[in-house]
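A.B. asks:
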Amino acid sequence: MFSRSVLAKAFAPPLEQVARPSLTATSTTFRACLHQSTTTTSATNPPTEPLSATVRAQSSIPAVQPTFQTSTTPVTRADVPADKQPIAPAFTTPLKVSQSLLSTLPQLTSQKPHYITAHLHDRPYLLTEGDDLRLPFLMPNVAPGDVLRFNRASLLGSRDFTLKGSPYLDERLFECRVRVLGVDSEPLRVKEKTKRRRRHVQQITSKHRYTLLRVMEVKAKSVEELQREGAIVEEEAKA
Amino acid sequence: MPVQGIRSVTSARNGVGAFILQCKRLDFHYCDWAGSSRGMVSFLKHQLNAFAKQNPQIEIRVSPRPHKHPVIKGHYINGREKAVCVRNLEPEQIFQKVNLLKQNSGEKNKRTKKPVTSINDSVRGIWSPYHGGLKSV
Amino acid sequence: MKRLQLQRWSSSALSSRVRTGSRLHRQIYYSGARFQSTTSNSLQFEDDQSLAGQQPTPPSTNSPFPQFTKHQLPSPPIQAARESAKLAALHARLYLPSRLPLETLARCLVDTSADPNFQFNNNSLSVLGHDLLTNYASEHLVCTYPRLPLTVIFAAMYAYAGPKTLHAMSREWGVEHAAVPGGEVDPGLLQFKRVAPGTNLKEARPLVGTTRPNEDQTTWRKSITSSVVYDNVFGDPELAAPPPAELSDNVYPTNDGINSEPPVTAEVASANFVRAVVGAIYLHAGRQAAKRFFEQHFLSRQLDISKMFNFSQPARDLARLCARENYEAPVAKIISETGRRSRSPVFVVGVFSGRDKLGEGAGASLVEARSRAAVAALKGWYLYSPLEVRVPSAMEEDGAAPWKPVYVDLGEVIV
Amino acid sequence: MATSIAVSKRPILGLPFLLPCCEPVTLQLRRAQSTYRRTKQRLRIKPDASFGSSTDSTQAHIIYNPPSSAPSAYHTPLKFLPPNDVRRTLRTDTSSSSLNIDALPSVFKSVPEKKYHLTREDVEEIRKLRASDPLVWSRWKLAQRFNCSPLFIAQACEASPQKKEIQRQVLEAVQSRWGAKRRMAREDRELRKESWGRDE
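In structure tokens form, the structure reads like this:
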């Protein structure tokens, strides 16, 4: 459903890299992206296909970082064990975009605030940058401070233009990153249950926990970025 | 003066740029004598060190509170505090409670219906009957 | 671009913190209030229990300087920084670079009102941090919105780097305030001398000693352009800096023993702290780290610049603008209307220049709608933003692309 | 509740003051359908026609559907874009204005054309007349005599301090007769007028 990137280039840990000059050599490989365990891509063999996500493709080499393990304080999100390193998504075919999409894409990207209808477990969430998102469930295996990347969306729009997927957009067309803020819970709910002819009221309590997210980035990739990442322009078959 | 500036203050969006964990302090209270603190004492002896090392951004205080049940108190950046009583709990259960306090935002528990809250202006604007698709009469 | 030699000019800010005997000699005369301040710090007492190493260090006999207990110092000693849990937690919470030592962070937390000695308070760091912050904020604003009028730039600068914002940020970083500053206080607390409760801060005292000439002439017109020269980055009058010779002499307070610094509000003290942190990052971790810190903590905050405009005569300004830019004179036309004869009519009026619509507004009267349309058109002009924005400080990175000139506007409309 | 039941036995139309409290009930009844399914069906609104149907394309595509809302201040009008901006070329083909601008009525009934017929001597004359007897030669009278607007008279010359004092006293006399309501209404109007400039 979502890909998880523990360390992106622009976020807090690079401060750490500056901090420790001895480690800069090892930490220049960005461990960027991790698919949730549902995707069955392997981390060890980087795909040889021309990837559209070349930046993320660097991350498929498991970073060697024994020095990080021994570091004491401050421990940041960079200290992720090797087996939990993010795995880059592997695409077998390069991204194909139609000519008409390429011609109208600059109009979408030049209009600045964007919204996205990201889907998570088949529920749509209309998000803009900086929004608070309280998922209606507790997301497993995430810690506060993690950066996730939503890779399923049906709409990506600006004020006048909307990029529509059929039914979903290819994840290489956009970037939507969220950060895990923590876990929130609701007040205790008490449900009174009664049975017939039984003079007893059963009280069922429940208190669910929810994951809090914050949208860090909603971005439609421009034509230059798509071409740099190896997108193939496809002629319109019907037209 | 043709135009004047109205002073305002930027509003915080924790996590968009930098992320700051909302839990700033955890207080552990225990009793040396009482049996309900047995798990807590074991937790303090064996697991607290590793927890503190993993979460350097949380200040940790340990203090005895004789003849009382063991309590963990989390202090949050918004000034609120949350306390969890951990009497008769096993160290693993206490660890879960500590994690719960650590990940919490410190806000009062509220039931919300809408998943997304935004402080941005609407991207496509608020619908108005005077714009778009005007019918000439 | 040649790199600045940090070591040379920052040596005063980073000087090894040695307390000289003469300096300490004056500390003896500190008033009794400082000795009692432990009682007002009940929180701290609890903290000391958990941390084993808080006992005062035993006096060493081989030291050439006389030893004093912590109670006699105006601010916590340097050794205490390593033992404070609060300080380490704050360091980790902000993801500060490990090159920035805890001692410097502790120094950032000591305000001038707590410790008047410039070698122990955060004054030098906060001056540096303030300059960095305002530099980064102003280049961001000017490059992103090149047409903003100066008054709005002042307001936006205040919103990004003003004391109110910095105060809010230090609260969001979880910085607590010490009740009374002193040597025995935990160095992880912000130390400043508080203003006595009930003090009237709002009473308008005319600021004396500003950089502006003829400041005593209150009735004289103050132009906005002159505030670029004379006022500070927020458009407020600024106190003139003392001559440099006086500064170098004033490292130690002249009047013996008595802390003559005036008390400050929490807002001023925490703003100085945030600035000092930025300055400390710059000195210890370099320019890139400071800039990244600014982007992550300051630029990521939300600000709606379109709500910071206050026009007095928008229609006149728009006419002047169109005349300046050689556009056709703006004409207001009714786009749609409803309920003209009713109690609550709505008119939608557009301002057109030739065949182009400049802006539109809705109002309950034709004059109101026209005025709002002119406001919308002026905002459309002022809030122009180029597509790819690069700030000048992006050139400081290694391997930066060659600089392309940014869009520079003529300036605001002058009526 | 009990009272309403008691009342309901009487003809309700004969008691018109009871009608407003009954109205919401009838409105709700009209809204609800007999089954939940039908209610859901009625509430299911189809997407706008400009949004297009999702089945007509098998690929990701971009549609142009401008919202029906007031324009945003962050979108610079085409005329205000600098000549080398990319958006100038991008926007011309899509956003051709559907409005027929010439057909739109003007806000003001008639726009007086500017004549520029007064000479320097005329202006001297205006100043002399105004200075000679400010009570007789008011702005309005001068404007009529020289066939120009009162605004131009104000730009050309200033009233004498005595005249200003008289005018101030007249205004005070008028305002002294205002009650609290009128005074507050006038003040509110001024405040509202100031809020136009802040776009509130």
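Chains as they are written, first to last, in the numbering used here: chain A, 2 to 240; chain B, -11 to 125; chain C, 7 to 421; chain D, 94 to 293.
Each residue gets a CB set at the ideal place from its N, CA and C atoms; glycine is no exception.
(1) Go ahead and pull the three-state DSSP assignment for C:M424.
(2) According to a CB-to-CB cut-off of less than 8 angstroms, which residues of the segment -8 to 20 of chain B neighbour chain C?
(3) Can you pull out the residues from the segment 77 to 110 of chain B whose beta carbon lies closer than 8 angstroms to at least one beta carbon of chain A?
(4) Give the list of continuous alpha helix (DSSP H) stretches no shorter than 4 residues that lie fully inside the segment 111 to 175 of chain C.
(5) Could you tell me if B:W115 is buried or exposed, where buried requires 16 or more neighbouring beta carbons within 10 angstroms of its beta carbon?
(6) Among B:I8, B:V29 and B:D15, whose alpha-carbon lies nearest the alpha-carbon of B:E78?
(7) Beta-carbon separation of C:V283 and C:G180 under 9 angstroms?
(8) Assuming C:L324 contacts C:V357 (C-beta within less than 8 angstroms), just tell me the rounded distance between them.
(9) Which whole-angstrom value describes the C-beta separation of B:G113 and D:S165, a residue pair presumed to lie in contact below a C-beta threshold of 8 angstroms?
(10) Looking at the structure shown, is D:E283 part of a helix, part of a strand, or coil, going by DSSP?
(11) Against chain B, does C:S48 count as a neighbour if the rule is that its beta carbon must be under 9 angstroms from one of theirs?
(12) Report the option in D:L136, D:T132 and D:N158 whose CA atom is closest to the CA atom of A:L156.
(13) Taking 9 angstroms as the CB-CB limit, is D:R291 close to chain B?
(14) Comparing the C-beta of D:R180 with each C-beta of chain C, is any distance below 9 angstroms?
(15) Using a Cβ cut-off of 9 angstroms (strictly closer), state whether B:H34 contacts chain D.
(16) Using the rule of at least 16 other Cβ atoms within 10 Å of the residue's Cβ for burial, across every protein chain shown, is D:K139 buried or exposed?
(17) Among residues of its own chain, excluding the 5 on either side of D:Q121, which ones have a beta-carbon nearer than 7 angstroms to its beta-carbon?
(18) Beta-carbon of D:A163 versus every beta-carbon of chain C: anything under 9 angstroms?
(19) Would C:I420 be called buried (16 or more neighbouring beta carbons within 10 Å of its own) or exposed?
(20) Is it true that the CB of C:L389 sits closer than 9 angstroms to the CB of C:L195?
(21) Using beta carbons (cut-off 9 angstroms, strictly below), is C:F358 in contact with chain B?
(22) Scan the segment 164 to 182 of chain C for residues whose Cβ lies nearer than 7 angstroms to a Cβ of chain B and list them as they occur along the chain.
(23) Is the CB-CB distance between D:L222 and D:W233 below 9 angstroms?
(24) Contact check, B:C19 vs B:G62 under 8 angstroms by CB: the rounded distance?
(25) Run down chain B in chain order and give the residues with a C-beta less than 8 angstroms from the C-beta of A:T129.
(26) Under 8 angstroms by Cβ, that's how I've got C:T171 and C:A165 pegged, so tell me the actual separation to the nearest angstrom.
(27) In this structure, does DSSP put B:H63 in helix, strand or coil?
(28) Between C:R227, C:L384, C:A87 and C:R99, which lies nearest to C:C114 when the distance is taken from Cα to Cα?
(29) Can you find a CB in chain B that lies within less than 9 angstroms of the CB of D:P160?
(30) Spell out whether any CB of chain B is found under 9 angstroms from the CB atom of C:L157.
(31) Can you tell me which of A:L170, A:A221 and A:D161 puts its alpha carbon nearest to the alpha carbon of A:R153?
(32) So is A:Y169 in contact with chain B if we call contact Cβ pairs under 9 angstroms?
(33) Name, please, each residue of chain B whose Cβ falls closer than 8 angstroms to the Cβ of C:E418.
(34) Which residue's Cα is closest to the Cα of C:W4: C:S399, C:D415 and C:L416?
(35) Look up A:S190 in the DSSP assignment and give the residues it is bridged to.
(36) Could you tell me the distance, in whole angstroms, from the CA atom of D:Q260 to the CA atom of D:L228?
C.D. replies: Working from what's here:
(1) Absent from the structure is residue 424 of chain C, since the part of chain C shown begins at 7 and ends at 421.
(2) From the segment -8 to 20 of chain B, only Q(-8), G(-7), I(-6), R(-5), S(-4), V(-3), T(-2), S(-1), A0, R1, N2, V4, G5, A6, I8, L9, K12 and R13 have a Cβ closer than 8 angstroms to chain C.
(3) L88, K90, Q91, N92, S93, E95, N97, K98, R99, T100, P103, V104, T105, S106, I107, N108 and D109
(4) 129 to 150 and 156 to 167
(5) exposed
(6) B:V29
(7) no
(8) Going by Cβ atoms, the distance from C:L324 to C:V357 rounds to 7 angstroms, so yes, they are a contact pair.
(9) 6 angstroms
(10) helix
(11) Reliability of the predicted coordinates at C:S48 is poor, the pLDDT of 37 falling under 50, and the value obtained from them is presented with this limitation in mind. Not an interface residue.
(12) D:N158
(13) yes
(14) yes
(15) No, no contact with chain D.
(16) With fewer than 16 other Cβ atoms inside 10 Å of its own Cβ, D:K139 counts as exposed.
(17) For D:Q121, the predicted structure reports a pLDDT of 47, less than 50, and the residue's modelled location is therefore unreliable. A value from the coordinates is still provided. If we look at D:Q121 and ignore the five residues flanking it on each side, it has no Cβ neighbours.
(18) yes
(19) exposed
(20) The answer is no: Cβ separation not under 9 angstroms.
(21) Chain B has no Cβ within less than 9 angstroms of the Cβ of C:F358.
(22) Y164, A165, Y166, K170, T171, A174, E178, W179 and G180
(23) no
(24) Incorrect: roughly 20 angstroms between the Cβ atoms, too far for contact.
(25) Within chain B, the residues S106, N108 and V111 have their CB atoms less than 8 angstroms from the CB of A:T129, given in chain order.
(26) 6 angstroms
(27) In the displayed model, B:H63 falls within a strand according to three-state DSSP.
(28) Comparing Cα-Cα distances from C:C114 to each of C:R227, C:L384, C:A87 and C:R99, the minimum goes to C:A87.
(29) yes
(30) Checking the sequence, you will find Thr at residue 157 of chain C rather than Leu. Closer than 9 angstroms to some Cβ of chain B, the Cβ of C:T157 qualifies, so yes.
(31) A:L170
(32) no
(33) Per Cβ cutoff of 8 angstroms: P(-10) and V(-9).
(34) Outside the modelled stretch of chain C, which goes from 7 to 421, sits residue 4 of chain C, for which no answer is possible.
(35) In the sequence on display, residue 190 of chain A carries Arg and not Ser. Answer is A:S207.
(36) 10 angstroms
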